[in-house]
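In order, the protein sequence lines correspond to chains A and B.
First residue of the first sequence? That's 1 in my numbering, and the numbers climb one at a time after it.
First residue of the second sequence? That's 1001 in my numbering, and the numbers climb one at a time after it.
Here is the structure we will look at.
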Amino acid sequence: MNWHAIRAIYGFEMARFWRTSMQSILAPVISTSLYFVVFGAAIGSRVSAVDGVPYGLFIVPGLMMLALLTQSISNASFGIYFPRFAGTIYEILSAPISPAEVVVGYVGAAASKSILIGLIILATSALFVPLHIEHPVWMVAFLLLTAITFSLFGFVIGLWADGFEKLQLVPLLIVTPLTFLGGSFYAIEMLPPFWRAVSLFNPVVYLISAFRWAFFGKADVSLGLSVAMTCLFLALCLGLVTYIFRTGYRLKS
Amino acid sequence: MQPIIEIENLSKTYASGLAALSEVSLTIRRGEIFALLGPNGAGKSTLINVVCGIVTPTSGQVRANGHDIRADYRAARKAIGLVPQELTTDAFETVWDTVSFTRGLFGLRKDPAHIERVLRDLSLWEKRDSRIMTLSGGMKRRVLIAKALSHEPQILFLDEPTAGVDVALRQDMWRLVRRLRDQGVTVILTTHYIEEAEEMADRVGVIRGGRIILVEEKAELMRKLGRKQLTLQLQAPLAALPETLSGFELELADGGQELVYTYDTQGERTGITGLLTALSAAGIRFSDLHTSQSSLEDIFVDLVKERA
C-alpha cells in the first residue's frame, strides 16, 4: 500500500478546501441560515409539526443531506476532472499507485470535505432550533456512508465528463431535483398515494429517511431498506470505478 | 551490465486505428544520455508514455530497471521521472507544494533537504512560495523538471525539454542533464533541436512511422554517415564544369563562384590531391578554400528522407 501517495492526494485536495475556505465554509453557513429564515421562520411557523417534530427541526436532516450529496459529488468530480482537464493527470498515471489508492485519496478527501460542511450546517442549525439527536452513532454512520457513496459517484462523474458542462449536468439536472423531491423538506407520507409510490423509486428518499430516523427515531421507509439501498448504490459506484480503472476509460489510451 | 530499459517488440495501435508503434525493440544503457529523434507523429511521445505507464501497449514487453512495467509497475515506475512535453502544471499551488506532492505520489516520505537541493539546482529556490500560475513558461518548465526529480529517479525522460525556452535556460538545462548523468541518472530525451542531441547525447535513436530505424553511438553515427565538403572560391566564375573534372563529385555553387567537392571521410583516399592536380591542369584557379562536416541535423534529415 502506497500510504504516502494516498496522503499526498488527500492533503493536496484538502489544501484546496482550506484555500477556498470563504467559499467552502461561509457559503453553506449563509445558505443554511437562509433556509431557516425562509422555511423555518416564514413558512415553518404556518406548518404544523410533522410526526410530532417541529417543522424547523424536521428539515435539519434534509438540509444536511442536501449539502452532503451536492458537496460530495461536486468535490469528488472536480477533484479528478481538473487534473484530466489540465493534463496533470499524467502524474497520477505514471506514479506507483494502484487504482484503489487513487480512489481512497480523492474520494476520502471529497467525503471529508462534505462531512465537514455537513457538520457546519448542523452547528448552524443549532443556532436556530433546539437540536436533539436520537441515535448519534447511526447519524455519524449514515453521514459517513452517504458522503463516501456520493463522493464515489462524483468521482465516476469526474472520470466520465469530457467538459465542464457535463461535470455540472448530473449534479444540477439529476441529483439536486432528486434531493429536493426525496423528502428534504417534507415527509413522504405527506404526498398523495401516487406520488408517494413514485417517490420510492428515488434513491435519495432512502438516504434522507434513514438520516431522519437517526435524528428523530422516525422514518418514511424501513431502516433496513434504507441501509440496503445505500449499500447497493455504494456497490454500484465501486463497480463503475473498478471498471473505469480496469479498462482505462477516459484515463488511458 | 543489465540495460536500464529493455523494450521488446512493442506495438501500440490506438482505438482510432493509428499504429503509433510497430514492433519497437530498444535497449537503453544504464547511465547514458540517449536522444530519441524523429519527425512529428513518429511515435516518440507514445513510446515514452508507454514506458511511464500513461499509455497501455497493444503488445510487447517493457522492463524498467529490471521490472516489468505492467506486472511489477510499482517498482518500475519508482525508478522513472517524466518531464512531459506540454507545460501541464497546477495553477494555484506553490512551487514547494507541487514538488513535494510529486515526491509523495512516488511513495517517499517528506524530505525538505532534497526538495531544497532540487529547487536550488533549478534556480527555483527564490520562487518556492510562488503560485505556479504566476511563473513564466521557462520557470514552469523548471518546475516540471523539479517534480520529475523530486523522487530521485534513476531514469529521467525529458520529452522535448527545451521547446519554447530561451537560450540561457536551454544551456542551464543541458548543464543539469550532464550533472544528472554524472550522478548516474540515465537520461532519455526527445527533441526537435538536433543540436541538443549533438551537444549532449551518448547515443542516438531515430524513430519514424512508429519504427526505430537506427540506433547508434552519436560519434560513430557522425563518423559513419557524416560527409565532408571542400569548398573552393574560384578566381573566375565557371559556367559549367570542364569534362576533365567529370570523375569528381563536384558541384558549382554561388553562380559559378564556388566549387563544392563532397568526399567520404571513411574512404582510403579523399581524392583531394587528384582534384587539385586536375584543377591546375584545367587552368582553374582559386582564391580561398575551406572544409565543412555535416551536422547531426544533416544526417537526420538524410535518414528520414531516405526511409520516407
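For glycine and all other residues, C-beta sits at the position ideal for the given N, C-alpha and C.
Model, not experiment: these values are computed from the prediction.
The three-state secondary structure of N75/A, taken from DSSP, is helix. Nearest CB-CB separation between G1247/B and chain A: not below the 9 Å threshold.
E1008/B is positioned such that its CB atom lies no closer than 9 Å to that of Q1085/B.
Chain A has no Cβ within less than 9 Å of the Cβ of F1300/B. One Cα belongs to A41/A, the other to F194/A, and the distance between them is close to 30 Å. As computed with DSSP, R1211/B is found in a beta bridge with R1208/B. Going by beta carbons, T1094/B and R1128/B fall inside the 9 Å limit. Beyond the five residues adjoining it in sequence on each side, L1238/B comes within less than 8 Å, by CB distance, of L1252, G1256, L1259 and I1284 in the same chain, given in chain order. For I174/A, the closest of V137/A, P61/A and V204/A by C-alpha to C-alpha distance is V204/A. About 4 Å separates the Cβ atoms of G1210/B and G1043/B, confirming a contact at the 8 Å cut-off. Each residue's CA atom was taken as its position, placing I97/A and G62/A some 37 Å apart. Rounded to whole angstroms, the Cβ separation of S184/A and I59/A is 7 Å, and the two are in contact under 8 Å. When C-beta atoms of the segment 1183–1199 of chain B are compared with those of the segment 1017–1026 of chain B, fewer than three pairs fall below 8 Å, so the two segments do not count as touching. Non-local beta-carbon contacts of K1218/B in its own chain, meaning distances under 8 Å to residues more than five positions away in sequence, involve A1035, A1197, E1198, A1201, D1202, R1203, V1204 and L1296 in chain order. The segment 75–83 of chain A makes no contact with the segment 222–241 of chain A: fewer than 3 CB pairs, one atom from each, lie closer than 8 Å. In the structure shown, K1140/B adopts helical secondary structure according to DSSP, grouped into three states.
The C-alpha of R1117/B is placed about 29 Å away from the C-alpha of V102/A. Inter-residue distance for G105/A and G1104/B is about 12 Å (C-alpha atoms, whole angstroms). Contact annotation: I208/A and M65/A have beta-carbon atoms nearer than 9 Å. Our two residues, M190/A and M1133/B, have alpha carbons roughly 53 Å apart in a direct line. For W3/A and I1155/B, the gap between their C-alpha atoms comes out near 23 Å. DSSP links R1170/B through a beta bridge to no other residue. Runs of the alpha helix (DSSP H) lying entirely within the segment 1003–1082 of chain B and spanning at least 4 residues, in chain order: 1044–1052 and 1073–1078.
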